[in-house]
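Each remark here refers to the structure printed beneath this line.
4 protein chains.
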Amino acid sequence: MRVVRTNVRSEKSMEPGLADRIRAAAARLFARRGFHGTGMRLIAEEAGVSIGALYHYFPSKEEVFLSVLRQEYDQRLAEAQGMWREGVSAPEVVRRVVELHFASITAGHESGRLLSQAGVGSPLELALQILALREEYATCIADLLSQAMQRREIRTAHPLLTAYALLGLVEAVTARALAGDGTADELQRVGPAEVAEIAWRALRPDKEE
Amino acid sequence: MRVVRTNVRSEKSMEPGLADRIRAAAARLFARRGFHGTGMRLIAEEAGVSIGALYHYFPSKEEVFLSVLRQEYDQRLAEAQGMWREGVSAPEVVRRVVELHFASITAGHESGRLLSQAGVGSPLELALQILALREEYATCIADLLSQAMQRREIRTAHPLLTAYALLGLVEAVTARALAGDGTADELQRVGPAEVAEIAWRALRPDKEE
Amino acid sequence: MRVVRTNVRSEKSMEPGLADRIRAAAARLFARRGFHGTGMRLIAEEAGVSIGALYHYFPSKEEVFLSVLRQEYDQRLAEAQGMWREGVSAPEVVRRVVELHFASITAGHESGRLLSQAGVGSPLELALQILALREEYATCIADLLSQAMQRREIRTAHPLLTAYALLGLVEAVTARALAGDGTADELQRVGPAEVAEIAWRALRPDKEE
Amino acid sequence: MRVVRTNVRSEKSMEPGLADRIRAAAARLFARRGFHGTGMRLIAEEAGVSIGALYHYFPSKEEVFLSVLRQEYDQRLAEAQGMWREGVSAPEVVRRVVELHFASITAGHESGRLLSQAGVGSPLELALQILALREEYATCIADLLSQAMQRREIRTAHPLLTAYALLGLVEAVTARALAGDGTADELQRVGPAEVAEIAWRALRPDKEE
DNA sequence: TATGAATGAGAGTTCATTCAT
DNA sequence: GATGAATGAACTCTCATTCAT
């Protein structure tokens, strides 16, 4: 059951290919209903294609899920790496990445929910692949953290562990901010600043270093 | 939705009642395989009871899951509140709660994995109840944080948000530490100290206050 | 699986025995919910006894049902035979038996519903026993009809067939009269007279005989 | 409750579609074993299709049953209405409809048994729908009776009540004629004539009118 | 006698996947 | 390429019945 990278961008035309339509539909449904709550029939209907078409572009439901997840991680990673390459300072990167996470849930994309679901409640083999994907993402973040440590922009710590800690921290708060009650609204308002503050305090170098 | 019989402690003998055996088996399986990956038949086999017995003690699979979750949260909460009432200082509480989280996974209970799964990949109604349970837990932690803030033991911040942040932070790292590879072993070693450090830096009052 | 006749009347005391309490409860439930819709647990609760007690008095659910059915048939038969022995004329017997059927449903006993259910939707072996019970009842009616034919009070016809025809006729109308809508009320009002008229016309001797 | 696909006649070939095969198998089994005695697995086997196919054509077991019932009622109704439209006289219609009922059981279709089961021993909601179907059928017969009354071909009486009486009458005798013993054979022989006689005497106008 | 915890076969239903067209 | 009818293993849950106490 190897990973298959289907066309992220249609090669021939401007309009999105069927694979993209399917991925977009699946992303919405997985985020709202989870892996098991989302049937292939439902994805096909939401995407406006037949079940046969689904299986033409993706070998299995698990691959649909992984494809969606990969896309989400890639987007987030591209943003962070882009900023980093442009020379944005460490605390500023932290602040803006946190902001982006909150923005994605406020915009109703609900992709934040998708990420925090990753790896749980899934068939065993799928769970492993999801963890691998998450590891890939976390490793990239750990790389950025390592570079920042060498430049003394953030304090010295275990990079991968810190990366996971940051991910968990942000995801837990954004997940709560998606609940839809009054508290959720409040967290959406104060969340970006508060979470960035927490993250930065956890990362900043000691005063006299 | 009938009331669940919960004989947490058998009255006559030392050996645990069937309800406890079931809960323990379910906790193991849910942690390893998630809600959907764990069938009632499997739980019955793991607990060494019949399916009928399962439904004698719990009205549905969802109630089994919630019962397990409730038990885990209650245990953790009791530990933290116990320490707090005994007058342990804030940084020490943080350090020891983090230690306990890591200890529970090292002991093979895998309950840490269970908690981080909470609320995802589940039937919609169940997801809401899981979130409610998590909120209850987070609220208790937020209460402790509020008290610590009033005593100037930790810095002033949004208590509930901070509670969720701490939960997410710890869970993300412990989840990674359960993967079973070399990195996981490393995280189990350095995790307690590093995570406590991150948490304390995020919480500690500013120097001149 | 032989038929067991349990105490129809308690031998020692005036108050009804447990067997009677169970039969009464079962009669209510079977009439309202049918054989499959009525569980042993429910019967036990309605009768205010334990499941163990149920199985102490009746060897199986099927026997509970048969016992209830037998009781109903016996009652109806006793009424008809009583009238007949008292020398009531044939058309009058017809009229009053029909009236009694309607009266039993108007009084809310719902036993009428029970009889019209008999023999259908039941496990195969039970269905045969129910048919046997019904045959017993029909045979008794056929006997009465035979006697009336010999006295030239009703026309000559196949007695057993006529008995079944009368049963079916009355049961179909009473079943409709139990539906609970406006038409049902109307049928409860006009039913006794109209059904008796139909029955009598089907039975009465030809004018010049 | 989704719409049932009912391809009553296959478009391309002569052989019946799967839905018809399923309906036919279900009709046989329901007639012999009742609603609860007939499992979906059994229907699938009898029809020579998979369980999945069953659920592809019918959303639930209840809908299979209702579909079968509808088919039976429709057939009978079409016969009676056809004769009526062709100007067959009232007593002749009665005689031939009764004959048809008996013919259907002699032919081994056993559909007669199915109709007399209608509405009993079924889940509550299903029972209501069955009664509704039966009411529909009875109402059509009542219409025919009304027309015959206006033409003075039969005596004046409550049309709907009379319709139910006729149904019950015929069904009770045919049900007994299906028991398989010697009496059943006898009833199959004399039944058509005797039942038609009973029905006609119940319906015929008074001599001097 | 009387209890109700425990059993487990079997129920209706879902859904990822296949494949002839 | 595209379709959707067909498959069947696996699911959660029910309930008549047993038996140690």
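Protein sequence lines correspond, in order, to chains Y, F, Z and B.
For what it's worth, this note's numbering labels the leading residue of the first sequence as 1, then goes sequentially.
For what it's worth, this note's numbering labels the leading residue of the second sequence as 1001, then goes sequentially.
For what it's worth, this note's numbering labels the leading residue of the third sequence as 2001, then goes sequentially.
For what it's worth, this note's numbering labels the leading residue of the fourth sequence as 3001, then goes sequentially.
For each residue, glycine too, the CB sits at the ideal point set by N, CA and C.
Inter-residue Cα distance where the pair is residue i and residue j
| i | j | result |
| --- | --- | --- |
| F/Ala1025 | B/Gln3129 | 44 angstroms |
| Y/Val173 | Y/Pro59 | 34 angstroms |
| B/Thr2941 | Z/Gly2182 | The structure shown does not extend to residue 2941 of chain B, since chain B is modelled only from 3001 to 3209, so the question has no answer here. |
| Z/Glu2045 | F/Leu1054 | 22 angstroms |
| Z/Glu2092 | B/Arg3176 | 27 angstroms |
| F/Glu1194 | F/Ile1022 | 36 angstroms |
| Y/Ala199 | F/Leu1203 | 11 angstroms |
| B/Met3149 | B/Thr3162 | 12 angstroms |
| B/Thr3156 | B/Pro3205 | 8 angstroms |
| B/Phe3030 | Z/Glu2062 | 20 angstroms |
| Y/Ala179 | Z/Val2068 | 55 angstroms |
| Y/Arg28 | Y/Gly17 | 17 angstroms |
| F/Tyr1057 | B/Ile3043 | 34 angstroms |
| F/Glu1079 | Z/Gly2039 | 46 angstroms |
| Y/Ser210 | F/Ala1090 | No answer is possible for residue 210 of chain Y: it lies beyond the span of chain Y, which begins at 1 and ends at 209. |
Buried or exposed (CB count within 10 angstroms, at least 16 for buried), residue i
| i | result |
| --- | --- |
| F/Leu1124 | exposed |
| B/Ile3051 | exposed |
| B/Gln3071 | buried |
| B/Lys3207 | exposed |
| Z/Val2008 | Model confidence at Z/Val2008 stands at a pLDDT of 45, short of 50, so the residue's coordinates are unreliable and nothing is read from them. |
| Z/Gly2048 | exposed |
| F/Ala1152 | Note that residue 1152 of chain F corresponds to Arg in the displayed sequence, not to Ala. Classification for F/Arg1152: exposed. |
| F/His1158 | buried |
| F/Arg1085 | exposed |
| F/Gly1168 | buried |
| B/Glu3209 | In this prediction, B/Glu3209 has a pLDDT of 49, which is less than 50 and means its spatial position is unreliable; what the coordinates show is noted afterwards. The residue is exposed, with fewer than 16 neighbouring Cβ atoms inside 10 Å. |
| F/Gly1037 | buried |
First through last residue of the alpha helix (DSSP H) which encompasses residue i
| i | result |
| --- | --- |
| B/Ala3127 | Leu3124 to Gln3150 |
| B/Thr3183 | Gly3182 to Leu3203 |
| F/Arg1155 | Per DSSP, F/Arg1155 belongs to no alpha helix (DSSP H) and is neither H nor E. |
| Z/Ser2067 | Lys2061 to Arg2085 |
| Y/His36 | Unbroken run through Y/His36: none, as it is neither H nor E. |
| B/Val3170 | Pro3159 to Arg3176 |
| F/Gly1052 | Ile1051 to Tyr1057 |
CB contact below 7 angstroms: residue i versus chain B
| i | result |
| --- | --- |
| Z/Val2190 | yes |
| Z/Ala2202 | yes |
| Z/Leu2187 | yes |
| Z/Ala2165 | yes |
Proximal residues to residue i (C-beta, below 8 angstroms), its chain only, five neighbours per side dropped
| i | result |
| --- | --- |
| B/Leu3066 | Leu3126, Gln3129, Ile3130 and Leu3133 |
| Z/Ala2165 | Ala2202 |
| Z/Leu2160 | Ala2138, Thr2139 and Ala2142 |
Contacts around residue i, its chain only, beta-carbon distance under 6 angstroms, and the 5 residues preceding and following it disregarded
| i | result |
| --- | --- |
| B/Pro3192 | Val3098, Glu3099 and Phe3102 |
Residues near residue i in its chain [Cβ-Cβ closer than 7 angstroms; skip 5 each side]
| i | result |
| --- | --- |
| Z/Arg2041 | Ile2051 |
| B/Met3083 | Val3093 and Arg3096 |
| F/Val1170 | Val1098, His1101 and Val1195 |
| Z/Tyr2137 | Tyr2073 and Leu2077 |
| Y/Arg144 | Checking the displayed sequence, the identity of residue 144 of chain Y turns out to be Leu instead of Arg. Excluding positions up to five away in sequence, the list reads Ala80 and Trp84. |
| Z/Gln2075 | none |
Proximity test, Cβ basis, 7 angstroms: residue i and chain Z
| i | result |
| --- | --- |
| B/Val3173 | yes |
| B/Glu3063 | no |
| B/Tyr3137 | no |
| B/Glu3153 | no |
Min CB distance residue i to chain F below 7 angstroms
| i | result |
| --- | --- |
| Y/His101 | no |
| Y/Tyr73 | no |
| Y/Gly168 | yes |
| Y/Leu69 | no |
Minimum Cβ-Cβ distance from residue i to chain Y less than 7 angstroms
| i | result |
| --- | --- |
| F/Leu1178 | no |
| F/Leu1042 | no |
| F/Ile1198 | yes |
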